[in-house]
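S.K.: Input: one structure, supplied below.
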């Protein structure tokens, strides 16, 4: 078996394994008692289902319980047991309103009739996407571009070249716009790439602005550009930036997948339905899956531009790449990798597209080196730990600290303006994924910060666990009141990537050392820690387990990861609450 055939077999096996892992996960979850699932937030109880104006949707009225569901999630509806009392599968949460949720699905009339206005429940669900992956991989394996470009690109055997004239033009355009030298270099490489350009954008380095200018300059020379990513939110954020450049842009997808876009930016069911589409020189945004449907399957592009590329798997990237000629990846392999159920973070590293490509073609990429988000003290540790001491703080935040007024003496040490980072040992050393004592402390710190003059919308609380997020939000409502609590973003690391706040509190929850050993690969994963601490502009507070050092017999790379966590704590001011 040659290298390309072996690669394709590995990717096909990964797709199969992922689907089997999803099936096992759902089966195990659905078998649990409904009371246990409600308590853990896996299930949501609805008081009733109601008709909606759109025939493909219905309204679900949730009770006061808080679940893990977020917009875009899929759910199965049932009366108490998804095996024996099923109402319907594959419903997507389209929007959350104050007292009801909008769900989209099939056979709405039958589901409403079967529910008969009585209470029902929702559990997580999933769609089998493996046929789309298999179709895309088959096309890659059999096509000329797959054999001559895509597979050699992934294996590292393709010669990466650039058009020097285009590189120079891109750099000059960026410099005239006021971009710094590294940003200008990134624009030039993307414009001049014949096959591939990889742009690493650490937190706060302006990668969105770089991406938008790249798209504009490509359109000006007549390129058809597909902007894609792993989520609609990431795509929409990129399209909003590109639209601001005055570029012809359209989002391809359902109307409910276009939230957050400027009102004047067209959202169309398919590319063919974009009436004002130019003959050439335009940008469309869609997920890779759209290339397997009537939305985009009959269209090809000059460039496929990936945003938030670190979270895209190789099979998902190939699904979009098979429709293009040149590929620009914008991301950061030091931030969150793809979510994989069938592989641990140690075994699945080669399946992350951006990390794999940057590892094989490192000399042809560029890293943005100036962060406009964090002050210089917050920048120093991640720069050393993750970015080879190349990341540096610039701009108005560089010398700023958090200045509050009227802070009670008890909290002086925590909110000391001279302390950019504070570590508070967890208050419950027996806690696992939910720590109510720490959640109460987090809420009190938020209350003190708000009373000291910090707007609640400038506070972010990050946690590894959804259960801890729910506990923090409950305590925030108690301490701040519902209105102010709703302005504080308190969520998991995954939900916080891409956001930033003046003050960030990292609530790690776990105090039980035995449990910590069991979840160590997840808990100490460096990308998760990096994302968590780099949301802050001027102040970071970490509440978590205190480790004296790395336990003996811990193998690499886990030992190195734990060592990084210990090293971070040593840089922070230790305060006992």
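In our numbering, the protein residues as written are 3 to 579.
Think of the CB as a built atom: it goes at the ideal place given N, C-alpha and C, for glycine as much as any other residue.
Owing to the predicted nature of the structure, the values given are computational and were not obtained by experimental measurement.
1. From which residue to which residue does the beta strand (DSSP E) around residue 287 run?
2. In chain order, what residues of the same chain lie with their CB nearer than 7 Å to the CB of residue 155, ignoring the 5 residues before and after it?
3. Can you give the Cα-Cα distance for residue 497 and residue 241, rounded to whole angstroms?
4. Considering Cα atoms alone, identify which of 466, 536 and 287 is closest to residue 527.
5. If you compare alpha carbons, which of 396, 454, 369 and 428 is closest to residue 411?
6. In whole angstroms, what separates the C-alpha of residue 291 from that of residue 549?
7. Residue 460 and residue 503 look like a contact to me (Cβ under 8 Å); what is the Cβ gap, rounded to whole Å?
8. To test your reading of the DSSP string, which unbroken alpha helix (DSSP H) runs of 4 or more residues are found completely within the stretch 103-159?
9. At which residues does the alpha helix (DSSP H) containing residue 57 begin and terminate?
10. With distances taken from CA atoms, which of 393, 148, 385 and 53 is nearest residue 115?
11. Taking C-alpha atoms, which residue in 295, 200, 273 and 336 lies nearest to residue 287?
12. Tell me whether residue 109 is buried or exposed, calling it buried when 16 or more other Cβ atoms sit within 10 Å of its Cβ.
13. How far does the alpha helix (DSSP H) with residue 569 in it reach, from first residue to last?
14. Let's see if you can read the secondary structure: which residues bound the alpha helix (DSSP H) around residue 167?
15. Nearest CA to the CA of residue 362: which residue from 94, 160 and 230?
16. Mind reading off the beta-carbon distance from residue 245 to residue 289? Whole number of angstroms is fine, and I expect it under 8 Å.
17. Who are residue 331's beta bridge partners in DSSP?
18. Would residue 339 and residue 364 be called neighbours here (beta carbons separated by less than 8 Å)?
19. Find out if the Cβ-Cβ distance for the pair residue 142, residue 324 is shorter than 8 Å.
20. My output table needs one value for residue 295: the three-state DSSP class, helix, strand or coil.
21. Considering Cα atoms alone, identify which of 500, 403, 131 and 65 is closest to residue 337.
22. Provide the residue(s) that pair with residue 493 in DSSP beta bridges, ordered along the chain.
23. Could you say if the stretch 477-492 and the stretch 67-79 meet the contact criterion of at least three C-beta pairs nearer than 8 Å?
24. I need the straight-line Cα distance from residue 103 to residue 44, nearest angstrom please.
25. Residues in the same chain with beta-carbon distance under 6 Å from residue 486, minus the five sequence neighbours each way, listed in chain order, please.
26. Given a cut-off of 8 Å, decide if residue 492 and residue 471 are closer than it, judged by their beta-carbon atoms.
27. Can we say the stretch 162-182 touches the stretch 209-222, given the rule of at least three CB pairs closer than 8 Å?
28. Can you give me the Cβ contacts of residue 129 inside the same chain, cut-off strictly under 8 Å, excluding the 5 residues immediately before and after it?
29. Entirely within the stretch 31-105 and at least 4 residues each: give me those alpha helix (DSSP H) ranges in chain order.
30. Apart from the five residues just before and just after residue 576, which ones in its own chain have a Cβ nearer than 6 Å to its Cβ?
31. Keeping to the same chain, check which residues put their C-beta closer than 7 Å to that of residue 280; ignore five residues upstream and five downstream.
32. Shortest alpha-carbon distance to residue 322 belongs to which of 37, 568, 137 and 90?
M.R.: Based on what the coordinates show:
1. Under the DSSP assignment, residue 287 falls in the beta strand (DSSP E) whose first and last residues are 284-287.
2. 197 and 198
3. 19 Å
4. Ranking 466, 536 and 287 by Cα distance to residue 527 puts 466 first.
5. 454
6. 44 Å
7. 5 Å
8. 110-117, 132-144 and 153-157
9. Counting along the chain, residue 57 falls outside any alpha helix (DSSP H), and DSSP gives it neither H nor E.
10. For residue 115, the nearest C-alpha among the options comes from 53.
11. 273
12. It counts as exposed.
13. Where residue 569 is concerned, the enclosing alpha helix (DSSP H) stretches over 560-573.
14. 166-178
15. 160
16. Rounded, the Cβ-Cβ distance is 18 Å, inconsistent with contact.
17. 200 and 308
18. Contact flag unset, no.
19. yes
20. In this structure, residue 295 counts as coil in the three-state DSSP scheme.
21. 500
22. 464
23. no
24. One C-alpha to the other measures close to 16 Å.
25. In the same chain as residue 486, and ignoring 5 residues on each side of it, the C-beta atoms closer than 6 Å to its own belong to 458, in chain order.
26. Yes, they are a contact pair.
27. yes
28. 76 and 92
29. 36-42
30. 425
31. Only 250 meet the Cβ criterion.
32. 137
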